[in-house]
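Engineer: Quick one: this structure, given as structure tokens, is what I'll be asking you about.
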Amino acid sequence: MVAGEETASAPKPTRLAPSPPLLIHSPSQDASSYLHNRLQLSERIYSGAQPEVDAAFAEIAELGVRTIVSVDGARPDVEAAKRAGLRYVHIPIGYDGLDRKAKESIVNLVKTADGPFYIHCHHGKHRGPAAAAIACIAEGSADNDSALQILAKAGTSKNYAGLYRDVSEFQMPPADAPLPKLVPIAEVNSMASLMVVIDQAHEHLKMLKKNDWAPLDRHPDLRSHTEANLLREGLREAMRLKSTQPPSETSKHDEAYWMQMADAERLAEQLADALQQKDYALATKRLHATGVSCTKCHDEYRN
13 MVAGEETASA
23 PKPTRLAPSP
33 PLLIHSPSQD
43 ASSYLHNRLQ
53 LSERIYSGAQ
63 PEVDAAFAEI
73 AELGVRTIVS
83 VDGARPDVEA
93 AKRAGLRYVH
103 IPIGYDGLDR
113 KAKESIVNLV
123 KTADGPFYIH
133 CHHGKHRGPA
143 AAAIACIAEG
153 SADNDSALQI
163 LAKAGTSKNY
173 AGLYRDVSEF
183 QMPPADAPLP
193 KLVPIAEVNS
203 MASLMVVIDQ
213 AHEHLKMLKK
223 NDWAPLDRHP
233 DLRSHTEANL
243 LREGLREAMR
253 LKSTQPPSET
263 SKHDEAYWMQ
273 MADAERLAEQ
283 LADALQQKDY
293 ALATKRLHAT
303 GVSCTKCHDE
313 YRN
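Everything in the sequence shown is counted per the working numbering, starting at 13 for the first residue and increasing by one.
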């Protein structure tokens with residue numbers, strides 16, 4: 013995320029007219045509910061897990077929702093939403109935070125789209141609540157401090173420091189700023205985008221390991237457990253592409269490729285666990301094994 017510096021002549025951030033106060037309400041759900049981790053955050057903003065069957069979309073419609081927003085990288089099931097009389101908007105974000113386009117798309121959503129809104133990621137605990145928190149700020153039902161309560165209520169892991177940062181620091185763009193078009197399916201090269209996150213997290217972990225896993229003077233914001241979680245989630249999301257991307261995309265990789273990806277995900281999980289337990293000797297071994305796995309895959313499929 014590139015943050016612009018505010019100058020004396022820069023337009024002041026603006027916000028929408030006040031909306032009803034923040035609710036942060038977790039409705040009672042029986043065992044038949046298809047919407048896991050559902051929260052009602054204001055009169056027109058909900059967050060939760062991805063709807064996966066027609067009954068889940070019907071349940072969303074019964075809430076009075078008009079627009080579903082996916083911030084997940086997977087291709088939204090637009091047809092299932094249409095069958096329930098719902099519009100889909102796709103604003104994919106990563107576990108490392110929301111870029112400017114994503115934040116401005118959320119502003120455009122609350123300004124122009126029909127609510128109420130159901131905002132989801134995959135499990136409904138991390139990226140979805142962060143996007144929903146920014147939506148609450150944009151509609152005027154929350155300020156930055158109260159929006160952080162949404163992340164706490166949703167159980168958003170503090171390992172994803174970028175999500176907390178972007179909610180804490182979010183400001184509305186100027187009222188006359190052009191905003192991104194809202195689309196049902198965002199055109200992104202998901203695997204390539206994920207590989208950027210994976211490679212960056214791996215490089216950061218190698219730097220931290222050379223410093224005995226302590227914070228770096230030149231990069232004091234980097235934390236080993238945060239980078240390990242970004243690596244793990246990046247590989248996990250990459251594996252999900254096997255089942256969520258169209259065959260025209262998944263057929264580009266053979267089964268051996270996906271087996272190597274699964275092995276890398278397993279090693280990254282073990283690395284994250286070792287760092288969580290502060291077992292730095294084991295973490296060093298796991299990082300080395302992860303690097304060997306990544307190098308082997310790159311040699312066969314990228315280089």
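Don't be surprised by glycine CBs; every beta carbon is placed ideally from N, CA and C.
Unbroken beta strand (DSSP E) runs of length 3 or more, entirely within the segment 118–171: which are they?
Structural biologist: Counting whole runs of 3 or more residues, the segment 118–171 contains the beta strand (DSSP E) stretches 129–132.
Engineer: Could you compute how far the alpha carbon of Val101 sits from the alpha carbon of Pro63?
Structural biologist: For Val101 and Pro63, the distance between alpha carbons rounds to 14 Å.
Engineer: Can you look up Gln183 in the DSSP assignment and give me helix, strand or coil?
Structural biologist: Three-state result, Gln183: coil.
Engineer: Among Tyr176, Ala61, Cys309 and Gly140, which has the Cα closest to the Cα of Leu47?
Structural biologist: Residue Ala61 is the option with its Cα nearest to Leu47.
Engineer: Would the segment 160–177 and the segment 101–113 be scored as touching if the rule is three or more Cβ pairs under 8 Å?
Structural biologist: Short answer: they touch.
Engineer: Taking Thr302 as the reference, give the member of Ala145, Arg87 and Leu217 with the closest Cα.
Structural biologist: Selected option, being the one with the closest Cα: Leu217.
Engineer: Would you kindly check if the distance between the Cβ of Ala143 and the Cβ of Ala114 is under 9 Å?
Structural biologist: Yes, the pair counts as a contact, with Cβ atoms nearer than the cut-off.
Engineer: Would you call Lys137 buried or exposed, if buried means 16 or more other Cβ atoms sit within 10 Å of its Cβ?
Structural biologist: Per the 10 Å Cβ criterion, buried.
Engineer: For Ala43, which residues of its own chain have a beta-carbon under 7 Å away from its beta-carbon, when the five flanking residues on both sides are left out?
Structural biologist: Its pLDDT being 49, under 50, Ala43 is placed unreliably in this model, and the coordinates cannot settle the point.
Engineer: Please name the residue in Cys133, Tyr313 and Ala93 whose C-alpha comes closest to that of Leu51.
Structural biologist: With distances taken between Cα atoms, Leu51 lies closest to Cys133.
Engineer: Can you have a look at Glu245 and say buried or exposed, based on whether 16 or more other CB atoms are within 10 angstroms of its CB?
Structural biologist: Result: buried.
Engineer: With a threshold of 8 Å, are at least 3 pairs of Cβ atoms found where one atom belongs to the segment 148–162 and the other to the segment 72–92?
Structural biologist: The segment 148–162 vs the segment 72–92: no contact.
Engineer: Between the Cα of Ala70 and those of Tyr130, Ala150 and Ser54, spot the shortest distance and give me the residue it belongs to.
Structural biologist: The option with the nearest alpha carbon to Ala70 is Tyr130.
Engineer: Kindly identify the DSSP beta-bridge partner or partners of Val101.
Structural biologist: Partner(s): Val81.
Engineer: Just how far apart, CA to CA, sit Ala295 and Ser54?
Structural biologist: The alpha-carbon atoms of Ala295 and Ser54 are separated by roughly 42 Å.
Engineer: Taking contact to mean at least 3 C-beta pairs separated by less than 8 Å, is the segment 222–235 in contact with the segment 191–200?
Structural biologist: Segments in contact, no.
Engineer: If you draw a straight line from the C-alpha of Ala280 to the C-alpha of Arg248, how long is it?
Structural biologist: Approximately 9 Å, taken between the alpha carbons.
Engineer: Between which two residues does the beta strand (DSSP E) carrying Leu51 extend?
Structural biologist: That run of the beta strand (DSSP E) goes Leu51 to Ser54.
Engineer: Just to confirm, is the Cβ distance from Arg99 to Ala73 under 9 Å?
Structural biologist: Not in contact: Arg99 and Ala73 (Cβ atoms no closer than 9 Å).
Engineer: Could you tell me which of Ser117, Leu283 and His265 sits nearest to Leu242, measuring between CA atoms?
Structural biologist: That would be Leu283, whose Cα lies nearest to the Cα of Leu242.
Engineer: Start and end of the alpha helix (DSSP H) containing Ile72?
Structural biologist: Where Ile72 is concerned, the enclosing alpha helix (DSSP H) stretches over Asp66 to Glu74.
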